[in-house]
Amino acid sequence: MLDTWTYPITTVGGLVVASDGDVLLLYSSKWNDCYTTPGGKVELGESREAAFIREVKEETGLDVTNIRFISTQESIYSPEFKEKKHFIMNDFVADLAPGYSKDDVVLNYEAENYLWVSLEEAKKLPLNREAYFLLNQYERSLQSKPHYGLIGFENHQIPCIIGILPHERVNTQSIYVDLKVEADFNKCSNSDDITDTVDYVALANICSEFAQEKGYMLIEKYAHDVLQKLLRDYPINWAWIKVKKPEALGSADFTTVELKLCRTEL
């Protein structure tokens with residue numbers, strides 16, 4: 029009969045994440061009194077995801093949802109594990125299932141204690157190397173996930189020469205510009221640094237410079253050129269502009285042109 033212990037052992041494990049972002053760590057003597065994550069061996073005929081769900085349930089009494097695979101790592105004769113083993117670890121992240129709270133943890137014999145902690149606090153604890161690697165992978169996945177939001181302004185007044193009529197070619201009139209762009213807020217929301225976002229002052233300056241320096245006949249052409257400039261120069265997915273011209277039609281407060289361009293249309 030094949031001796032399975034002469035081959036690497038396939039395991040699963042991972043982070044259980046509560047609604048407030050805290051993660052569950054288990055204190056285990058198996059890992060030389062380090063904190064680790066719930067997990068264990070994949071059984072014959074069992075998928076890795078099913079094994080992860082089962083191991084979490086057996087070791088903590090919790091159900092999980094929104095399960096996502098995050099990484100694979102090898103643990104070869106780790107000095108932190110109580111036995112000389114070679115594990116191929118499949119790491120997952122999952123959310124605490126609805127109906128469960130952080131107080132519902134029921135440990136089995138494999139762990140002596142547990143903690144719910146933030147990612148920042150977790151990395152200050154005595155962790156086995158495999159748990160530390162997983163925490164870093166999860167943290168990087170959060171940082172790299174885009175968080176899209178809108179940046180813009182309304183009624184930006186620009187005195188300029190614009191229009192097709194003779195008096196419009198010599199007399200300055202004001203146009204009013206509304207602008208929105210979609211940008212990723214991920215980096216700036218962590219750094220609080222203006223260089224990590226799209227500066228709306230810079231966007232307004234471009235709108236002003238194009239209107240005041242190019243002497244457009246048509247506000248349609250002006251709107252198109254502004255959006256193309258923004259999409260070329262800034263890390264945005266799309267840009268929308270509305271140009272309002274108050275002196276063009278006596279029976280109306282404004283005449284307007286609206287245009288939206290996406291990066292894929294360049």
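Position in the sequence shown (from 1) plus 28 gives the number in our numbering.
Note that beta-carbon positions come from the ideal geometry of N, C-alpha and C, so glycine has one too.
Measuring alpha carbon to alpha carbon, tell me which residue in the options is nearest residue i.
i    : options                : result
T284 : N94, E182, K273        : K273
C216 : N199, G177, I192       : G177
K152 : G127, K242, T64        : T64
G243 : Y35, V84, I189         : I189
R8   : V44, D50, L147, D61    : One cannot answer for residue 8 here, as it falls past the ends of the chain, which runs 29 to 294.
S75  : G41, E196, I104        : G41
K257 : V271, Q240, L294, I222 : L294
L255 : L72, Y35, L231, V51    : L231
K113 : Y105, D227, D119       : Y105
S129 : D91, F120, S169        : D91
Q240 : Q201, D221, S99        : Q201
What do you get for residue i, buried or exposed, if any count of 16 or more other CB atoms within 10 angstroms of its CB means buried?
i    : result
A267 : buried
I247 : buried
G49  : exposed
K103 : As written in the sequence, residue 103 is Ser, which differs from the Lys given in the question. Label assigned to S103: buried.
Taking 6 Å as the limit between beta carbons, can you name the residues of its chain near residue i, skipping five residues before and five after?
i    : result
T38  : V70, I116
S236 : I186
F161 : Q101
State yes or no: is the C-beta of residue i within less than 7 Å of the C-beta of residue j?
i    : j    : result
T374 : P66  : Since the displayed the chain opens at 29 and closes at 294, residue 374 lies outside it and no answer follows.
L53  : L143 : yes
A46  : L155 : no
W59  : F120 : no
N214 : H175 : yes
Can you find the residues in the same chain that come closer than 7 Å, C-beta to C-beta, to residue i, ignoring five residues on each side of it along the sequence?
i    : result
E182 : D206
P194 : none
State yes or no: is the beta carbon of residue i nearer than 7 Å to at least one beta carbon in chain C?
i    : result
V145 : Of the protein chains in this structure there is only one, and it is not chain C.
Near residue i, which residues of its chain fall below 8 Å by C-beta distance, leaving aside the five closest residues on each side in sequence?
i    : result
E167 : L147
| task | Spell out a yes or no on whether the segment 196–213 and the segment 250–266 are touching, meaning 3 or more CB-CB pairs, one atom from each, closer than 8 Å. | result | yes
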